[in-house]
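Asks: Provided herewith is a single structure, encoded as structure tokens, for subsequent inquiry.
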């Protein structure tokens, strides 16, 4: 964390607050805060970085879309599903339109949205999205890719939560 903090401070001073490298440093620090459980520091930094990214790069730039995903994931980690769900739904819509339905970022967004639906007890929405994500990931990335395997595990958990053990067990 101290290295990320120092990098952001120096990047802001040298390149300015909205330079792409500064925005990347902000995102890295916010993600590190989130992973360290410091959501009180992560959320405002993710929010600021997204605002600056939209202004500098535009709302459909791949880096802006990644920032939206990261903020939605931070909202989920903070239990703020009311903020996470609409943001990740919008991100998925924009990502599909901009990058295509089987782009790795689109697939990541799909998996994040399915997970958010699952956390919100909306298994009727989560299951088909997990299934579609897994199908697309197998085709695009291959059956043994780490993202494919993570989606397989997520789908298995969702099946188990839905009481569909006959579908969960083969995935496990």
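In this note's numbering, the protein residues as written are 2 to 173.
A virtual CB, placed ideally from N, CA and C, is assigned to each residue, including glycine.
Keep in mind it's a predicted model, so treat the numbers as computed, not measured.
For residue 103, does the three-state DSSP call read helix, strand or coil?
Replies: Position 102 of the chain shown holds residue 103. The DSSP-derived three-state label of residue 103 is coil.
Asks: My output table needs one value for residue 167: the three-state DSSP class, helix, strand or coil.
Replies: Counting from one through the chain shown, the residue named residue 167 turns up at place 166. If DSSP states are grouped into helix, strand and coil, residue 167 belongs with the helices.
Asks: Between the segment 48–58 and the segment 89–109, do at least 3 Cβ pairs fall closer than 8 Å?
Replies: No: fewer than three Cβ pairs fall under 8 Å.
Asks: Can you tell me whether residue 109 is buried or exposed? The criterion is at least 16 other CB atoms within 10 Å of its CB, across all chains shown.
Replies: Indexing the chain shown from 1 puts residue 109 at position 108. So residue 109 ends up on the buried side.
Asks: Beta-carbon separation of residue 82 and residue 117 under 8 Å?
Replies: Here residue 82 corresponds to residue number 81 of the chain shown, with the count starting at 1. Here residue 117 corresponds to residue number 116 of the chain shown, with the count starting at 1. Yes, the pair counts as a contact, with Cβ atoms nearer than the cut-off.
Asks: Is it the case that the segment 33–40 contacts the segment 66–81, given that we only count it when at least three CB pairs across the two stretches are under 8 Å?
Replies: yes
Asks: Are there 16 or more other CB atoms within 10 angstroms of the CB of residue 160, so buried, or fewer, so exposed?
Replies: Looking up residue 160 in the chain shown gives position 159. Looking at its Cβ environment, which holds 16 or more other Cβ atoms inside 10 Å, residue 160 is buried.
Asks: Beta carbon of residue 138, beta carbon of residue 148: below 8 Å?
Replies: Translated into the one-based positions of the chain shown, residue 138 becomes position 137. Translated into the one-based positions of the chain shown, residue 148 becomes position 147. Cβ distance < 8 Å, so residue 138 and residue 148 count as in contact.
Asks: Need the endpoints of the alpha helix (DSSP H) that residue 128 sits in, please.
Replies: In the chain shown, counting from the first residue as 1, residue 128 sits at position 127. Run containing residue 128: 124–142, per the alpha helix (DSSP H) assignment.
Asks: Smallest Cα separation from residue 29: which of 49, 165 and 155?
Replies: What you label residue 29 is simply residue 28 of the chain shown in a count that begins at 1. Closest by alpha carbon: 49.
Asks: Whole angstroms is fine: what's the gap from residue 154's alpha carbon to residue 74's?
Replies: Within the chain shown, residue 154 is the residue found at index 153, counting from 1. Within the chain shown, residue 74 is the residue found at index 73, counting from 1. Their backbone Cα atoms lie some 18 Å apart in a straight line.
Asks: With a threshold of 8 Å on Cβ separation, who are the neighbours of residue 34 within its own chain once the five nearest residues in sequence on each side are excluded?
Replies: What you label residue 34 is simply residue 33 of the chain shown in a count that begins at 1. In chain order, 2, 40, 42, 43 and 46 place their CB closer than 8 Å to the CB of residue 34, counting only its own chain and leaving out the 5 sequence neighbours on each side.
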